[in-house]
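Enquirer: Once you know that position 634 of the sequence shown is 636 in the working numbering, the rest is easy, because the numbers rise by one and skip nothing. Here it is: the structure, laid out below.
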Amino acid sequence: MRQQNARGRARRWIAIALGAVLTSSVMTATASPSDADQGTTLLLVRFNGQDSGTGYQTADDEVVDGSMSITGGTIRNGVLSLPGDTSRAVFRPAADLIGAQGVTQDVVVEARLRRTATADSLDTMLGFFGNGSYRFRDGRTGEATLWSDGHDEAKTSAAPAVGWRFRHIALVYDYRADGSSTLTAYADGCPVGTAEVGGALTPAVDAIGFGGDVHPAAGRRGLAADIDSIAVSTYTGRFSPDSFRLPNRYSAPARDLPAHVVPVSPCDSASQLQTKAGNVVPTKRQLDWQRQELTAFVHFGVNTFTDSEWGTGMEDPAVFDPSDLDADQWARTLKNAGFKTLILTVKHHDGFVLYPSRYTDHSVRSSPWRTGRGDVLREVVEAAKRQGIGVGVYLSPADLHEIHAPGGRYGNGSPTRPSTIPTLVDGDDRSEKVASGALPTFRYDVDDYNRYFLNQLYELLTQYGPINEFWFDGANPEPGVDETYDEQAWFDLIRKVQPDATIAVGGPDVRWVGNESGSARESEWSVLPFGGEPGPTGGEMLADATSKAVSSEDLMRQADFLRWYPAEVDVSIRPGWFYHASQDASVKSLPRLLSIYQQSVGRNSVLLLNVPPDRRGLINETDAARLAEFGNAIRDAYDDDLAAGATVRSDVASPATHPAGAVADGDPTSYWTPASARTATLELQLARPSTFNTVSLQEAVEVGQRISSVAVDAWTDGEWVEVASGTTVGYKRLLPTYEQVSTDRLRVRILDSRGAPTLTTVGLYDDPNRPQPQTFDSFAEAMTNVGITNDNDTARGDIDGSGSSFSAQALAAVGIVPGGTTTHDGITFTWANVSPGAPDHVVAGGQTIKMTASGSKLGFVTTGTYGASHGTVMIRYADGTVQRDDLATADWLASAAPSGSDILATTAYRNRPNGQDTNAAKLFFTAIPIDPAKTVASVTLPNISAEALEGTPAMHVFAIAAD
């Protein structure tokens with residue numbers, strides 16, 4: 003369908019870079035006699051002078067001890083603006099800082115700057131003699147680099163990079179008495195990373211760059227940025243931040259910030275960052291949204307009748323003519339399946355509008371349906387009200403009709419001008435209410451298209467009652483047509499008219515999870531790092547929406563603030579988003595829908611399932627039947643909590659207001675929390691012995707999301723045995739147990755958290771629909787997935803749910819062939835003796851595989867898709883004893899093996915459905931010690947995923963053998 007980062011989002015966004023308040027004082031660090039001498043100021047420029055074309059001419063209070071030039075930039079009001087690419091400011095010091103061995107003086111380079119456009123990898127903030135830099139690593143995070151002849155290159159770990167506000171950044175170069183040197187990056191006055199080499203920095207040029215590199219081969223690494231001051235100085239002794247020449251401490255905005263926004267600083271320690279992250283809480287709007295758990299998309303429009311996914315914008319409205327549209331059937335079907343909100347595509351990218359808007363004829367008003375008097379949205383609103391569910395609106399910012407139709411307003415180059423919303427039209431039936439003040443009016447400076455969009459929003463906000471959610475798609479079918487979306491105005495209008503409405507995806511309340519396969523991340527945090535200012539549009543999310551980690555410590559160190567920003571998982575019940583009769587046999591199976599539920603709702607997200615009506619205007623019988631099955635299956639699985647009424651105790655003290663028993667009292671408003679500890683253990687004595695296969699955990703997210711690692715044990719045969727584990731919890735986490743569990747005692751171990759953990763619920767469920775792992779007589783019998791294909795016949799492979807596979811030719815190049823053997827660490831593995839394109843390995847889903855083996859260790863050849871995975875492997879010996887151990891694998895595209903494992907083989911490329919790509923794919927080796935005096939009778943693999951699904955982590959086992 004769509005989404006912004008995954009689909010090469012082509013929007014131009016209005017960059018809101020409100021100036022942050024920065025103090026004029028430097029860091030207060032107590033200097034000792036060994037601290038740095040204040041040294042010599044070689045450059046101090048606040049851009050109060052002017053660029054003469056032959057060099058920078060200083061103002062009275064500025065210093066340029068040498069020469070300074072500006073390429074491609076302009077100075078205005080004390081700010082140097084650089085457009086990027088080849089632009090930069092270059093300082094060539096008069097002082098001789100370079101000795102025979104390289105740069106042998108201690109030097110400090112500073113700037114206060116902000117970027118003004120999206121950054122690319124290697125865009126440079128500070129260039130240091132051509133072989134040192136503070137630059138962007140990946141467009142979001144920074145790094146400092148240092149190069150010394152004969153000593154290679156050193157880099158820091160991820161360091162903060164400049165965002166939309168002015169930030170003080172610096173490089174501090176230290177040449178040591180032993181001949182080594184370091185380059186330390188500073189952000190807002192705090193050290194954030196050091197690169198070290200064994201010699202002095204080897205200069206490529208005798209120059210220092212600001213907003214661009216100075217290396218002769220790096221002339222196009224300029225950063226689009228504003229710079230308000232720069233400095234270069236020398237020092238001796240031990241450097242102290244007191245030696246900085248420029249203001250370098252960031253002050254958080256003086257105004258009060260809401261509880262769902264917490265400012266951070268590069269000076270925060272790891273512990274402080276964790277504590278701050280744990281204290282971010284959702285708004286009431288966000289919490290109410292998350293508690294829905296299940297919401298539904300309804301894609302319906304001209305595409306339904308043209309058999310298209312994306313229309314052209316020039317469809318004749320006459321094609322829209324559903325014969326039996328029944329919004330009550332939609333709402334009733336969804337309500338009975340457990341869905342709480344119906345979100346209608348009021349306008350898709352084609353621009354056709356499903357209600358009679360005053361501002362376009364490209365709508366139902368021009369169709370034969372209901373003789374041009376119909377209103378799909380009105381019928382949906384009324385039906386939803388009768389069924390007791392909410393209504394949401396999908397309104398595509400992209401609009402092909404407004405691009406291609408005569409007089410189209412999208413990207414027409416019109417200037418912004420003061421505009422009243424609503425903009426009344428001839429014969430407008432709202433005139434009297436607007437004049438009397440019964441209907442509010444608003445003023446915005448906008449161009450033609452944003453005025454059109456705001457007027458449609460106003461119609462939706464004022465004519466249809468409460469709207470639960472506004473959904474703004476990020477896709478753009480015509481990226482060559484430039485239109486600046488004034489989202490600040492859009493969101494302002496929504497907040498003023500319907501403040502309880504959630505603004506999703508492109509908005510400040512809810513984010514897209516990053517895929518359309520129905521799966522949230524294994525670690526799905528609702529607290530994310532942001533750059534810029536927490537204004538109406540919410541700032542800039544630092545992580546790419548599709549990245550595997552959206553709230554890592556590295557990213558938090560780049561941030562200006564942390565914000566509550568929960569994930570929504572959108573996926574269609576069919577292959578397409580609109581109805582196509584050819585897909586009637588491709589409706590997702592019940593097991594697939596249940597898996598999606600567990601990996602969305604069960605991973606701290608809300609599921610947005612698309613159910614497209616057919617050309618009659620009805621949810622097709624196949625879809626309706628599947629939804630009924632889905633609703634019944636969810637109720638069968640989760641209506642009976644086997645932990646209800648359990649007696650609970652904790653190993654750490656908790657306040658009387660938040661006792662351990664709260665996790666089993668059935669009250670969603672009560673919760674347990676320890677007084678201060680970040681780790682804790684809860685033990686539940688169940689009311690009766692119970693059998694279950696799913697553990698449900700819920701944090702009291704109204705006070706924050708904190709748990710980052712958890713394990714669950716059952717009392718079995720006189721000992722505690724781990725039966726489930728996971729990472730984040732959040733609003734809800736569903737953990738499948740490794741196997742069916744029967745016990746009357748349970749233990750929940752919180753292994754790590756961002757502050758004192760909370761739990762409002764520990765639930766136990768016996769899901770009758772959960773697939774039961776099978777037992778196989780041999781490894782070959784258990785092989786069900788095709789992971790290896792010939793280069794000329796790649797379509798047979800599907801190791802990851804998206805049609806990828808290992809190349810048989812690339813594997814042969816590293817010695818792996820069907821029926822062949824590979825020996826590693828004394829263990830000889832035999833590869834499946836099957837032709838490429840046939841099932842050749844096992845997707846670890848809790849299967850038990852019978853085997854006969856003995857030795858001192860049992861080896862596994864594995865790989866992972868969609869991230870690393872691990873789980874408990876159970877080794878059963880012939881004498882009936884059981885050994886449990888952890889088996890882990892890395893993603894097949896990872897650069898390294900998991901701890902304790904090795905890379906067994908790396909291929910030069912991998913196969914895709916229509917050819918090859920250049921990604922090197924890996925197989926990993928793991929050995930688990932076994933009892934040499936016993937014989938292994940069977941191995942039960944970790945229960946990671948029952949099948950290979952796009953977006954879902956899976957462990958793939960290609961061979962098992964003993965030494």
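Positions of the beta carbon are idealized from the N, C-alpha and C atoms, including for glycine. Since the model is a prediction, treat every value here as computed from it, not as a measurement.
Determine the direct distance from the alpha carbon of Ser519 to that of Val304, and round the result to whole angstroms.
Expert: Their Cα atoms are separated by approximately 25 Å.
Enquirer: When we look at the beta-carbon of Met976 and count the other beta-carbons within 10 Å, is it buried (16 or more) or exposed?
Expert: Past the edges of the chain, shown from 3 to 965, lies residue 976, and the structure says nothing about it.
Enquirer: Mapping the DSSP letters down to three states, classify Gly74 as helix, strand or coil.
Expert: The answer is coil: DSSP assigns Gly74 none of H, G, I, E or B.
Enquirer: For Cys192, write down the residues that DSSP places opposite it in a beta bridge.
Expert: Answer is Ala189, bridged to Cys192.
Enquirer: In chain order, which beta strand (DSSP E) runs of at least 3 residues are fully inside the stretch 680 to 759?
Expert: Correct list: 682 to 700, 709 to 718, 721 to 728 and 735 to 755.
Enquirer: Could you check which residue in Ser897, Leu906 and Ser871 has the C-alpha nearest to that of Gly861?
Expert: It is Leu906 whose Cα lies nearest to the Cα of Gly861.
Enquirer: Between the Cα of Leu595 and the Cα atoms of Ser521, Leu544 and Ala658, which residue gives the shortest distance?
Expert: The candidate whose alpha carbon is nearest that of Leu595 is Ser521.
Enquirer: Can you grab the Cα-Cα spacing for the pair Val321 / Ala503, in whole Å?
Expert: Near 33 Å, if we compare the C-alpha coordinates of Ala503 and Val321.
Enquirer: Within 8 Å, do at least three Cβ pairs link the stretch 612 to 626 to the stretch 739 to 756?
Expert: Counting Cβ pairs under 8 Å, fewer than three are found: no touch.
Enquirer: Bridge partners of Ala787, per DSSP?
Expert: Note that residue 787 corresponds to Asn in the displayed sequence, not to Ala. In the DSSP output, where bridge partners are listed per residue, Asn787 has His843.
Enquirer: Three-state secondary structure (DSSP) at Ser69?
Expert: Note: Ser69 maps to strand in three-state DSSP.
Enquirer: With H, G and I counted as helix, E and B as strand and the rest as coil, what does DSSP make of Pro319?
Expert: Helix.
Enquirer: Between the Cα of Val427 and those of Asn457, Val613 and Cys269, spot the shortest distance and give me the residue it belongs to.
Expert: Cα-wise, what sits closest to Val427 is Asn457.
Enquirer: Starting from Ser159, follow the alpha helix (DSSP H) in both directions and report where the run begins and ends.
Expert: Run containing Ser159: none; DSSP gives neither H nor E here.
Enquirer: Is it right to say Arg690 is buried, meaning 16 or more other beta carbons lie within 10 angstroms of its own, or is it exposed?
Expert: By the neighbour-count rule (16 or more Cβ atoms within 10 Å), Arg690 is not buried but exposed.
Enquirer: According to DSSP, what are the bridge partners of Gly917?
Expert: Answer by DSSP bridge pairing, in chain order: Arg914.
Enquirer: Per DSSP, which one or two residues make a beta bridge with His170?
Expert: Paired residue(s): Arg114.
Enquirer: Can you name the start and end residues of the beta strand (DSSP E) that Gly394 belongs to?
Expert: Its beta strand (DSSP E) spans residues Gly392 to Leu397.
Enquirer: Below 8 Å on the Cβ atoms is my guess for Leu84 versus Gly211; work out the distance and round it to an integer in Å.
Expert: Their Cβ separation, rounded to whole angstroms, is 11 Å, which puts Leu84 and Gly211 out of contact at 8 Å.
Enquirer: Can you tell me whether His872 is helix, strand or coil according to DSSP?
Expert: Three-state DSSP puts His872 in a strand.
Enquirer: Just checking, does the stretch 797 to 809 make contact with the stretch 676 to 690 on the three C-beta pairs under 8 Å criterion?
Expert: Result no; under three Cβ-Cβ pairs closer than 8 Å.
Enquirer: Under the three-state reduction of DSSP, which class applies to Leu402: helix, strand or coil?
Expert: Here Leu402 sits in coil by DSSP.
Enquirer: Where do the N-terminal and C-terminal ends of the alpha helix (DSSP H) with Glu145 fall, by residue?
Expert: Careful: Glu145 lies outside any alpha helix (DSSP H), inside the beta strand (DSSP E) at Gly144 to Trp149.
Enquirer: How many angstroms separate the CA atom of Val515 from the CA atom of Gly181?
Expert: Approximately 50 Å, taken between the alpha carbons.
Enquirer: With Leu895 and Ala939 assumed to form a contact (beta carbons below 8 Å), what rounded beta-carbon distance in angstroms separates them?
Expert: Rounded, the Cβ-Cβ distance is 35 Å, inconsistent with contact.
Enquirer: Report the partner residues of Asp887 according to the DSSP bridge assignment.
Expert: DSSP lists Val875 as partners of Asp887.
Enquirer: Can you pull the DSSP bridge partners for Ala91?
Expert: Looking at the DSSP assignment, Ala91 forms a beta bridge with Ile72 and Phe212.
Enquirer: Do the CB positions of Arg735 and Asn945 come within less than 8 Å of each other?
Expert: In this structure, Asn945 does not lie closer than 8 Å to Arg735 by Cβ.
Enquirer: Any idea if Ser245 is buried or exposed, counting beta-carbon neighbours within 10 angstroms, 16 or more meaning buried?
Expert: Burial call: buried.
Enquirer: Could you please give the first and the last residue of the uninterrupted beta strand (DSSP E) stretch that includes Val234?
Expert: Where Val234 is concerned, the enclosing beta strand (DSSP E) stretches over Ala227 to Thr236.
Enquirer: For Leu99, does the three-state DSSP call read helix, strand or coil?
Expert: Leu99: coil per DSSP, three-state reduction.
Enquirer: So, under 8 Å CB-CB, Val705 and Val283 are touching, yes? Tell me the CB distance rounded to an integer number of Å.
Expert: With 8 Å as the limit, Val705 and Val283 qualify as a contact, their Cβ atoms being about 6 Å apart.
Enquirer: Determine the DSSP secondary structure at Trp312, reduced to helix, strand or coil.
Expert: Note: Trp312 maps to coil in three-state DSSP.
Enquirer: Under 8 Å between the Cβ atoms of Val764 and Leu699?
Expert: For Val764 and Leu699, yes; Cβs fall inside 8 Å.
Enquirer: By the DSSP assignment, the beta strand (DSSP E) with Glu570 in it spans what residues?
Expert: Run containing Glu570: Ala569 to Ser574, per the beta strand (DSSP E) assignment.
Enquirer: Tell me whether the stretch 579 to 588 and the stretch 309 to 321 touch, counting them as touching only if at least three CB pairs, one residue from each stretch, are closer than 8 Å.
Expert: Touching, per the Cβ criterion.
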